[in-house]
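Asker: Protein sequences appear in the order of chains A and B.
Residues 1 to 329 in this note's numbering are what the first sequence lists, from first letter to last.
Residues 330 to 658 in this note's numbering are what the second sequence lists, from first letter to last.
Before I ask anything, here is the structure I am working with.
Number of protein chains: 2
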Amino acid sequence: MSTFHVTLGAAAATLAAALVTTPVLADDMSDYVAMFEPLPHIPPIPEGATQSPERIELGRMLFFEPRISASGVISCATCHNPALGWTDRIPRGTGHEGQIGDRNTPTVLNSGFLEAQFWDGREDDLEGQALGPIQASIEMNMTLDQAISRLNEFEVYQEAFAEAFPGDNDPVTPRNVALAIAAFERTLNTPNSPFDRFLMGDRDALDDQQQEGMRLFVDNGCIACHSGPILSDSQFHRFELPGSTDEGRFLVTGDDVDRFAFRTPTLRNVALTYPYFNNGSVDNLKDAVNLMGQQMLGHEFEADELESIVAFLDSLTGEMPHIEVPVLP
Amino acid sequence: MSTFHVTLGAAAATLAAALVTTPVLADDMSDYVAMFEPLPHIPPIPEGATQSPERIELGRMLFFEPRISASGVISCATCHNPALGWTDRIPRGTGHEGQIGDRNTPTVLNSGFLEAQFWDGREDDLEGQALGPIQASIEMNMTLDQAISRLNEFEVYQEAFAEAFPGDNDPVTPRNVALAIAAFERTLNTPNSPFDRFLMGDRDALDDQQQEGMRLFVDNGCIACHSGPILSDSQFHRFELPGSTDEGRFLVTGDDVDRFAFRTPTLRNVALTYPYFNNGSVDNLKDAVNLMGQQMLGHEFEADELESIVAFLDSLTGEMPHIEVPVLP
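Here's what the structure looks like:
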């Protein structure tokens, strides 16, 4: 090495100068980058679903429609509030007559990428999910028959359903409500986060601390469950959340192995979707990561490790969709 | 005159041809047109208020902010819903824990033009109005101290208030909340309705039936109270609404003369702001006009008169403001 230094001194000095202007960590990161996927602009479209402009527009109307709730003031957008990361930022969903549910409201953002819907995965896709809150007595509290009757009162809806489902004789149906809302929701994605830009080659998109967080995220095994384009495997994992008695997936399957298991939540926009966990009992990301380390990894993160991981998670906030509130009939 | 006819026969024929291509009713309408005013794009700004972009932006955030409600899910936009003509289209406002108030929610659209706020005029201006629903136990149910503490938790709000109120040492105050919300609300106007375009000289903007409705509106005296740019005199008038026991303005002044008196509502966008009257008990515009004829004018409108007046009122729907839901901290 000393020979190298002597004979190539000038070249080494040039190289050193070049290294200073390039982020030092970048070249180390290619193995890590290879373990992630940038977010596509559109999620997979299930068989039988169609992303026509007419369906998306009808879905936008229905998403903001409070008259398919018993009170007339609660819509999908009440709890999946576009102003609040398409969730509600309170511990547990609050619906009809102020009733408070058992679980934290998941964001709609990028939810089309999930292969299991709800914390307990009781529905596979957005179509299955969409009709749940309308009927839940503590959410919108309306039967599907009532909802369909209400929509049929408006000529504008009759026309919008006919345009969105041109083959149907009687298009105002629960199934079509679900298809339209799901079509709209599949447009609510948040690409081009700093993390995505980093994965796509912009090595300045993450700072050193965020890159350190990314390495810790991989090296400590967070990525085992938080994998794929939205950093969720859509699988169920047991988790003892202090204070929670919610049996999670077990309530769907009755299998003991599913007791206290919940579907891995997406980490996309996780900085915006506080509070955390199935009952929303953890306010901030640092505490959430710390708890995950203890519970899932059996590992106590150091303070500076927590900060790096949180800085990395902050980089998962993408571009919010620009959705104008529709003018309803 | 006959001499005139003979000597200027050719010219008269040309003139007659020209008249045929102009709507026949238009020239009859100039006296009527003179009794109305097109809607300005911005209402008068009261002394002490300022329409700075920073205040309007802060006001937009606060208008959509549910965390200044006890439940964390009710914002100004819950009842003044942009999707529903900036009102709620249910008979009476529904707020905290599903409680139902006594009165119909007035639209925010063009409300800066009103010189008396609320159905009973208990506040003069939008600043006075803005803090009412936050504190009302059946609406957002939060003390102003709680609301200010909540907002102060967010650095983004501390900065936004400092930018909107650059002279203030401690800008996160109830007064500044009111000033910001009012500044935003003063941007929510609906100019360029067919009616406005007609007033400004586009004689094709109203069809014959609508022009007939305009004449009936004036000739029968509706315009006595529904006057000025938003078709409200901002004054209080006694009115016996079947089934209503609400004493209205009397509850504010204690004067017998004010018993059952309510402030004249704007007719701007009245086709969008159903149901009607102080308790929202009348579903459609034809019934509302009929009742007004009976109660205020002692007059039974004929069926075709009602239709013409409703057609005229439909022409008062203007261009909706395009407001994007803000991204809140």
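All C-beta atoms in this analysis are idealised placements derived from N, C-alpha and C, irrespective of residue type, glycine included.
Do the region 164-176 of chain A and the region 105-117 of chain A make contact, defined as three or more Cβ pairs closer than 8 angstroms?
Answerer: Short answer: they don't touch.
Asker: Listing by chain order, which chain A residues have their CB less than 9 angstroms from the CB of residue 412/B?
Answerer: What residue 412/B touches in chain A: 61, 64, 65, 66, 75, 77, 325, 326, 327 and 328.
Asker: Might you give, ordered along the chain, the residues of its own chain that have their beta carbon closer than 6 angstroms to the beta carbon of residue 434/B, omitting 5 neighbours on each side?
Answerer: So the qualifying residues of the chain are 408, 416, 417 and 422.
Asker: For a contact meaning CB atoms closer than 9 angstroms, what does residue 649/B contact in chain A?
Answerer: In chain order: 327.
Asker: Identify the continuous beta strand (DSSP E) that holds residue 312/A and give its terminal residues.
Answerer: Segment 303-314 is the alpha helix (DSSP H) holding residue 312/A; no beta strand (DSSP E) there.
Asker: In chain order, what residues of the same chain lie with their CB nearer than 6 angstroms to the CB of residue 463/B, ignoring the 5 residues before and after it?
Answerer: Excluding positions up to five away in sequence, the list reads 397, 469, 471 and 476.
Asker: Going by C-alpha to C-alpha distance, which of 371/B, 486/B and 599/B sits closest to residue 561/B?
Answerer: The option with the nearest alpha carbon to residue 561/B is 599/B.
Asker: Only counting runs of 4 or more residues, tell me where the alpha helix (DSSP H) segments fall wholly within the region 140-213 of chain A, in order along the chain.
Answerer: Segments of the alpha helix (DSSP H) lying fully in the region 140-213 of chain A: 144-152, 155-164, 174-185 and 194-199.
Asker: Within 7 angstroms (strictly less), CB to CB, does residue 423/B reach chain A?
Answerer: With 7 angstroms as the cut-off, residue 423/B counts as an interface residue toward chain A.
Asker: Any idea which residues DSSP pairs residue 238/A with across the strands?
Answerer: DSSP output for residue 238/A lists 261/A as bridge partner(s).
Asker: Is the beta carbon of residue 154/A sitting closer than 7 angstroms to the one on residue 275/A?
Answerer: No; because the gap between Cβ atoms is not below 7 angstroms, this pair is not in contact.
Asker: Quick one: what's residue 324/A bridged to in DSSP?
Answerer: Per DSSP, 653/B.
Asker: Going by the DSSP bridge assignment, what does residue 282/A pair with across the sheet?
Answerer: The partner list for residue 282/A (beta bridge, DSSP) reads 276/A.
Asker: Between the region 96-109 of chain A and chain B, which residues of the former have a C-beta closer than 9 angstroms to a C-beta of the latter?
Answerer: Hits within the stretch, in order: 96, 97, 98, 99 and 100.
Asker: Would you check if the region 54-62 of chain A and the region 176-190 of chain A touch, i.e. whether three or more CB-CB distances between them fall below 8 angstroms?
Answerer: They touch, by the three-pair rule.
Asker: Return the residue from the list 541/B, 437/B, 456/B and 545/B that minimises the CA-CA distance to residue 376/B.
Answerer: Of 541/B, 437/B, 456/B and 545/B, the residue nearest in Cα terms is 456/B.
Asker: Between 640/B, 527/B and 613/B, which lies nearest to residue 545/B when the distance is taken from Cα to Cα?
Answerer: Ranking 640/B, 527/B and 613/B by Cα distance to residue 545/B puts 640/B first.
Asker: Quick one: grab the DSSP three-state call for residue 300/A.
Answerer: Three-state DSSP puts residue 300/A in coil, outside helix and strand.
Asker: Using C-beta distances below 6 angstroms, list every residue in its chain close to residue 213/A, excluding the 5 sequence neighbours before and after it, in chain order.
Answerer: If we look at residue 213/A and ignore the five residues flanking it on each side, its Cβ neighbours are 308, 309, 311 and 312.
Asker: Assuming the contact rule is C-beta atoms closer than 8 angstroms, residue 516/B and residue 385/B should be a hit. Round their C-beta distance to whole Å, please.
Answerer: Yes, they are in contact, since the Cβ atoms of residue 516/B and residue 385/B sit about 6 angstroms apart, within 8 angstroms.
Asker: Are the CB atoms of residue 550/B and residue 614/B within a distance shorter than 7 angstroms?
Answerer: It is not a contact, given that the beta carbons lie outside the stated cut-off.
Asker: Cα-Cα, which of 485/B, 594/B and 650/B is closest to residue 448/B?
Answerer: Among 485/B, 594/B and 650/B, the Cα nearest to that of residue 448/B is on 594/B.
Asker: Which of the three DSSP states, helix, strand or coil, is assigned to residue 135/A?
Answerer: Helix, per DSSP.
Asker: Consult DSSP for residue 410/B and reduce its assignment to one of helix, strand or coil.
Answerer: Looking at residue 410/B - three-state DSSP - the assignment turns out to be strand.
Asker: If we call anything under 7 angstroms between Cβ atoms a contact, is residue 427/B one with residue 467/B?
Answerer: Not closer than 7 angstroms, so no.
Asker: Assign residue 446/B to one of three DSSP states: helix, strand, or coil.
Answerer: Three-state result, residue 446/B: strand.
Asker: For chain C, find out if any of its Cβ atoms is closer than 7 angstroms to the Cβ of residue 72/A; answer yes or no.
Answerer: The chain inventory of the structure shown lacks chain C, comprising the protein chains A and B.
Asker: Let me confirm a value: residue 170/A is counted as buried when at least 16 other C-beta atoms fall within 10 Å, else exposed. Which label applies?
Answerer: Classification of residue 170/A: exposed, given that the 10 Å Cβ count is below 16.
Asker: So, residue 567/B versus residue 553/B, is the Cβ gap smaller than 7 angstroms?
Answerer: Contact flag unset, no.
Asker: Could you please give the first and the last residue of the uninterrupted alpha helix (DSSP H) stretch that includes residue 31/A?
Answerer: Residue 31/A -> alpha helix (DSSP H) spans 30-33.
Asker: Per DSSP, residue 429/B forms a beta bridge with which residues?
Answerer: Answer is 423/B.
Asker: Can you give the beta carbon distance from residue 38/A to residue 267/A, rounded, assuming they're within the 8 angstroms contact cut?
Answerer: The Cβ separation is near 14 angstroms, so there is no contact.
Asker: For the alpha helix (DSSP H) holding residue 374/B, just list the boundary residues, first then last.
Answerer: Here residue 374/B belongs to no alpha helix (DSSP H), and DSSP marks it neither H nor E.
Asker: Kindly indicate which three-state DSSP category residue 112/A falls into: helix, strand or coil?
Answerer: Note: residue 112/A maps to helix in three-state DSSP.
Asker: For residue 537/B, which residues in chain A fall below 9 angstroms Cβ to Cβ?
Answerer: In chain order: nothing, as chain A lies at least about 24 angstroms away.
Asker: Alpha carbon to alpha carbon, how far is residue 206/A from residue 316/A? Give it in angstroms, no decimals.
Answerer: Cα to Cα, residue 316/A sits roughly 10 angstroms from residue 206/A.
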